[in-house]
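Undergrad: I'd like to ask some things about the structure below.
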Amino acid sequence: MIAMVVVIVIAAVASSPFGLFFAQERNAPDTVSVAEAVATVNVSYNARLEELQGGDYDSIEINGQSADWTEVLAVFAVKTAGADTGIDVATLDADRVDRLIDVFWDMNTLTTEVEAIPHEDSDPDDDMDGSWIEHILHIAIIAKTADDMRTAYAFTDYQNSALDDLLADRAALASLAGSLSITNAQAVLGALPADLSPERRAVVEAALTLYGKVNYFWGGKSLMIGWDSRWGQIEKVTAAGSSTTGTYRPYGLDCSGFVDWAFYNATSGGYIIGHGGGAHAQHTNCTTIAWEDALPGDLVFYPEDSHVGIVCGRDEGGNLLVIHCASGANNVVITGTSGFTSIGRPQYFTRYS
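The sequence shown begins at 682 in my numbering and counts up one residue at a time.
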């Protein structure tokens, strides 16, 4: 009887807005964790911002930040699972992620305005017209709060009560959005060699915690232990050398920033493999090895060190797997070695372990 009551209680919670906490990890085929769903929304957000910034402007200015993710998640859970005809949020499949995206955009509006500033000819006596018009793109992010959405969605008394209860523990909701549990790479983790050194295992495990969760950002670095609260927040790309330089997008990591973060977290802040100098600096802190000698934790590089990734294991066919923060995917991904042309063994594994 007691067991039956427990099962009934768990089922009731899972089907309520609080069922979102059951989705901290992937819990069914073709589902994602909350942190992965948040990253998917940020990809959508980034695409919209890219589209708006695509014109020919002398400069871009942005005002505002997107809605607090704790509030977005709470509103999503209450709207989706709290309605009379709602569906649970204990698992996040493609349909539920689409619903989350809809709630996000209901809570965030982007408006643009182009300011034209005429500049007079600085040297009117040189027989050349040097006058010009400066064009500044202003983007405003107008965010709604959870309280705004109570009215917008006409929440019932039950939904308002559930929203209050969810927001009473914002830290728990924030931990869902920034979870560092390895939820989507268990097969890779489980296939690591049994005799792999603790130092190598720690690096791979740290890297796997960000798989599918952090967007690509040119020049993005982080020396935080654990989740960086800046990830997903809109920031200006200031590092030179990219087509995105000068634009705004959700903050994340670039390829070398991801590798630095993994080693830094694996050593509890004791080691930065590239010392902040990028992929080339990371390569110089490696010893060249043969591909057949590769072990999880070794680094692989594109030609001219234009990209870097971490060997994280092998697939069922024995082919190397690489985890890296890729601009093309705008996320941390696991792929084969296509594009990577050289491999190095971090000196950390021989000098500092």
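Every residue gets a Cβ at the ideal spot worked out from N, C-alpha and C, and that includes glycine.
(1) To which residues does DSSP link Ile741 through a beta bridge?
(2) Measuring CB atoms only, is the region 750–758 touching the region 779–797, in the sense that at least three cross pairs come out at less than 8 Å?
(3) Among the residues of its own chain, which have a CB less than 7 Å from the CB of Leu733, if the five just before and after it don't count?
(4) Report yes if the C-beta distance between Thr712 and Thr772 is below 8 Å; otherwise report no.
(5) In this structure, does DSSP put Ile970 in helix, strand or coil?
(6) Bridge partners for His654 per DSSP, in chain order?
(7) Classify Ser747 as buried or exposed, calling it buried when 16 or more other Cβ atoms lie within 10 Å of its own Cβ.
(8) My guess is that Gly893 and Asn1012 are in contact by the Cβ rule of under 8 Å, so how many angstroms apart are they, rounded?
(9) Measure the CB-CB distance between Leu857 and Ala716 and report whether it falls below 8 Å.
(10) With three or more beta-carbon pairs closer than 8 Å as the criterion, would you say the region 973–991 touches the region 930–946?
(11) If you reduce the DSSP assignment to three classes, tell me which class Val690 lands in.
(12) Which term fits Val1036, buried or exposed, when burial requires 16 or more other beta carbons within 10 angstroms of its beta carbon?
(13) Rounded to whole angstroms, what is the Cα-Cα separation between Val918 and Ile1004?
(14) So, Thr969 versus Gly901, is the Cβ gap smaller than 8 Å?
(15) From Pro799 to Ala824, what distance separates their C-alpha atoms?
(16) Judging by CA-CA distance, which residue of Gly1017, Ala853, Ala888, Trp908 is the nearest neighbour of Leu701?
(17) Looking only at C-alpha atoms, which of Trp813, Asp850, Glu796, Ser803 sits nearest to Ile743?
(18) Check each candidate in Gly1017, Gln1028, Tyr1029, Phe1030 and name the one with the smallest Cα separation from Val869.
(19) Here's a check: name, in chain order, each residue in its chain whose Cβ is nearer than 6 Å to the Cβ of Ala1007, leaving out the five neighbours to either side.
(20) Can you tell me which of Glu997, Ile741, Gly957 puts its alpha carbon nearest to the alpha carbon of Leu873?
(21) Counting only the same chain and skipping the five closest in sequence on each side, list residues whose C-beta sits under 7 Å from that of Thr925.
(22) Looking only at its own chain, which residues have a Cβ that is under 6 Å from the Cβ of Leu891, when we skip the five neighbours before and after it?
TA: In terms of the structure at hand:
(1) In the sequence shown, residue 741 corresponds to position 60, counting from 1. Ile741 pairs with Leu818.
(2) yes
(3) Counted from its first residue, the sequence shown places residue 733 at position 52. Leu791, Thr793, Ile820.
(4) As a working mapping, residue 712 is identified with position 31 in the sequence shown. As a working mapping, residue 772 is identified with position 91 in the sequence shown. Contact flag set, yes.
(5) For the purposes of this step, residue 970 is identified with residue 289 of the sequence shown, where counting begins at 1. Ile970 falls in the coil class under three-state DSSP.
(6) As shown, the chain starts at 682 and ends at 1034. That puts residue 654 outside it, with no answer to give.
(7) By one-based count along the sequence shown, residue 747 stands at place 66. Buried, since its Cβ has 16 or more Cβ neighbours within 10 Å.
(8) Position 212 of the sequence shown holds residue 893. Position 331 of the sequence shown holds residue 1012. 6 Å between Cβ atoms; contact.
(9) Reading the sequence shown from its first residue, position 176 is the one you call residue 857. Reading the sequence shown from its first residue, position 35 is the one you call residue 716. Yes; because the gap between Cβ atoms is below 8 Å, this pair is in contact.
(10) yes
(11) Taking the sequence shown and counting its residues from 1, one reaches residue 690 at position 9. In this prediction, Val690 scores a pLDDT of 44, lower than 50, which makes its location untrustworthy; no coordinate-derived value is stated.
(12) The chain is shown from 682 up to 1034; residue 1036 falls before or after that span and cannot be answered.
(13) The residue you call residue 918 lines up with position 237 of the sequence shown. The residue you call residue 1004 lines up with position 323 of the sequence shown. When rounded, the distance between both Cα atoms is 23 Å.
(14) As a working mapping, residue 969 is identified with position 288 in the sequence shown. As a working mapping, residue 901 is identified with position 220 in the sequence shown. Result no, Cβ atoms of Thr969 and Gly901 do not sit closer than 8 Å.
(15) Along the sequence shown, read from residue 1 onward, the residue named residue 799 stands at position 118. Along the sequence shown, read from residue 1 onward, the residue named residue 824 stands at position 143. Cα to Cα, Pro799 sits roughly 32 Å from Ala824.
(16) Reading the sequence shown from its first residue, position 20 is the one you call residue 701. Checked all of Gly1017, Ala853, Ala888, Trp908; the closest Cα to Leu701 is Ala853.
(17) Walking along the sequence shown from the start, residue 743 turns up at place 62. The shortest C-alpha separation from Ile743 is found at Glu796.
(18) Here residue 869 is taken as the residue at index 188 of the sequence shown, counted from 1. When each option's Cα is compared against that of Val869, the closest is Gly1017.
(19) Here residue 1007 is taken as the residue at index 326 of the sequence shown, counted from 1. The answer, listed in chain order, is Val1014.
(20) In the sequence shown, the residue the question calls residue 873 occupies position 192. That would be Glu997, whose Cα lies nearest to the Cα of Leu873.
(21) For the purposes of this step, residue 925 is taken as the residue at position 244 of the sequence shown. Closer than 7 Å at the Cβ level, and outside the excluded window around Thr925, lie Trp899, Val918.
(22) The residue given as residue 891 occupies position 210 in the sequence shown. So the list reads Val1013, once near-sequence residues are dropped.
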